[in-house]
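Numbering (my numbering), first residue to last: 32 to 366.
Quick look at the structure:
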């Protein structure tokens with residue numbers, strides 16, 4: 032049950048020299064205001080855990096970045112000190128993990144995969160990832176009354192997934208929010224912060240894809256081609272019945288006769304990449320280092336918070352309510 036005094040406001044405070052501090056309070060704020068910082072217990076944030084050091088082996092983005100670019104930055108609203116004895120990857124590790132995928136894809140580009148333009152660097156630290164900017168997400172495009180050729184669109188997503196799998200890579204977070212469209216309505220797969228190599232076990236603290244788009248609604252423990260295949264089948268369902276704004280129930284099979292692929296998908300998802308693609312993907316590139324060990328079946332569904340929103344200006348309030356109603360409300364302020 033939600034209790035009013037359980038509300039916690041989380042604050043990230045920026046100092047004058049790129050120094051950052053974390054603080055919490057039980058006070059509630061509903062509008063922009065000045066906060067008495069002297070009465071807060073401010074915990075210094077180690078910069079190394081937020082922005083990794085730049086390495087010359089990474090592509091550096093042009094400065095200033097081109098106007099047709101999008102810079103993905105760390106959302107400090109999700110920062111919390113790690114409790115003692117608990118494993119948690121710092122933001123800097125998550126950034127480097129995503130950049131690793133983009134650097135590989137830069138050497139093996141594909142028209143249905145987001146264009147990577149390099150790392151945004153300030154004071155020898157990576158403060159953002161520069162990507163091409165696209166027109167809209169699939170979620171927003173499906174609400175548009177303009178007709179969309181769904182067969183061609185799905186074929187484009189499938190081509191992008193085929194390409195990833197041929198490199199031994201798994202996206203692990205394919206959903207309408209992670210598929211964008213360019214000016215010609217061509218699909219482009221974005222957001223590689225959950226990627227992994229085929230058969231690779233997720234390290235503790237690494238980000239995982241949305242549960243509602245995963246097999247049996249459980250969090251992935253291993254990166255597997257079938258993760259993407261299942262999500263592709265749910266995208267197909269979403270395109271042909273988007274009225275609910277979310278994937279259809281797990282009991283619904285993806286067997287529409289209008290789809291670009293010929294197979295059907297059961298509630299547990301296909302068990303082999305050929306079930307959907309009709310063929311085995313190309314041999315992964317040499318040196319991909321993939322681990323092909325057979326992973327165990329998915330574990331029981333995990334409980335997680337779902338947060339949304341972002342504060343960017345001084346005193347801006349970000350109400351972030353935990354998914355389950357019985358959990359305390361969370362606010363975030365970036366100052």
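For every residue, glycine included, the Cβ atom is placed at its ideal position computed from N, Cα and C.
Which of helix, strand or coil DSSP assigns to residue i
{"i": "residue 253", "result": "strand"}
{"i": "residue 234", "result": "coil"}
{"i": "residue 44", "result": "strand"}
{"i": "residue 111", "result": "coil"}
{"i": "residue 171", "result": "helix"}
{"i": "residue 135", "result": "helix"}
{"i": "residue 49", "result": "coil"}
{"i": "residue 85", "result": "coil"}
{"i": "residue 153", "result": "strand"}
{"i": "residue 148", "result": "strand"}
{"i": "residue 220", "result": "strand"}
{"i": "residue 80", "result": "helix"}
{"i": "residue 66", "result": "coil"}
{"i": "residue 178", "result": "coil"}
{"i": "residue 200", "result": "strand"}
{"i": "residue 190", "result": "helix"}
{"i": "residue 100", "result": "strand"}
Between the CA atoms of residue j and residue i - distance to the nearest angstrom
{"i": "residue 69", "j": "residue 258", "result": "49 Å"}
{"i": "residue 209", "j": "residue 217", "result": "14 Å"}
{"i": "residue 43", "j": "residue 52", "result": "6 Å"}
{"i": "residue 261", "j": "residue 86", "result": "36 Å"}
{"i": "residue 174", "j": "residue 270", "result": "11 Å"}
{"i": "residue 38", "j": "residue 88", "result": "44 Å"}
{"i": "residue 127", "j": "residue 245", "result": "24 Å"}
{"i": "residue 228", "j": "residue 254", "result": "6 Å"}
{"i": "residue 230", "j": "residue 106", "result": "29 Å"}
{"i": "residue 158", "j": "residue 77", "result": "14 Å"}
{"i": "residue 135", "j": "residue 237", "result": "19 Å"}
{"i": "residue 181", "j": "residue 151", "result": "35 Å"}
Residues of its chain near residue i, where Cβ-Cβ distance is below 7 Å and the 5 sequence neighbours each way are ignored
{"i": "residue 177", "result": "none"}
{"i": "residue 226", "result": "132, 200, 201, 202, 203"}
{"i": "residue 167", "result": "211, 212"}
{"i": "residue 263", "result": "188, 189, 192, 205, 307"}
8 Å contact criterion, which residue i and residue j should meet: CB distance rounded
{"i": "residue 163", "j": "residue 100", "result": "6 Å"}
{"i": "residue 138", "j": "residue 84", "result": "The Cβ separation is near 22 Å, so there is no contact."}
{"i": "residue 67", "j": "residue 40", "result": "So it is not a contact: roughly 13 Å between Cβ atoms."}
{"i": "residue 122", "j": "residue 81", "result": "5 Å"}
{"i": "residue 191", "j": "residue 220", "result": "5 Å"}
Same chain only: Cβ atoms within 8 Å of residue i, ignoring 5 sequence neighbours per side
{"i": "residue 148", "result": "90, 92, 93, 96, 97, 100, 161, 162, 163"}
{"i": "residue 194", "result": "139, 141, 143, 144"}
{"i": "residue 233", "result": "227, 239, 251, 252, 253, 254"}
{"i": "residue 79", "result": "121, 123"}
Contacting residues, own chain, Cβ-Cβ under 6 Å from residue i (five flanking each side not counted)
{"i": "residue 49", "result": "none"}
{"i": "residue 223", "result": "129, 132"}
{"i": "residue 241", "result": "206"}
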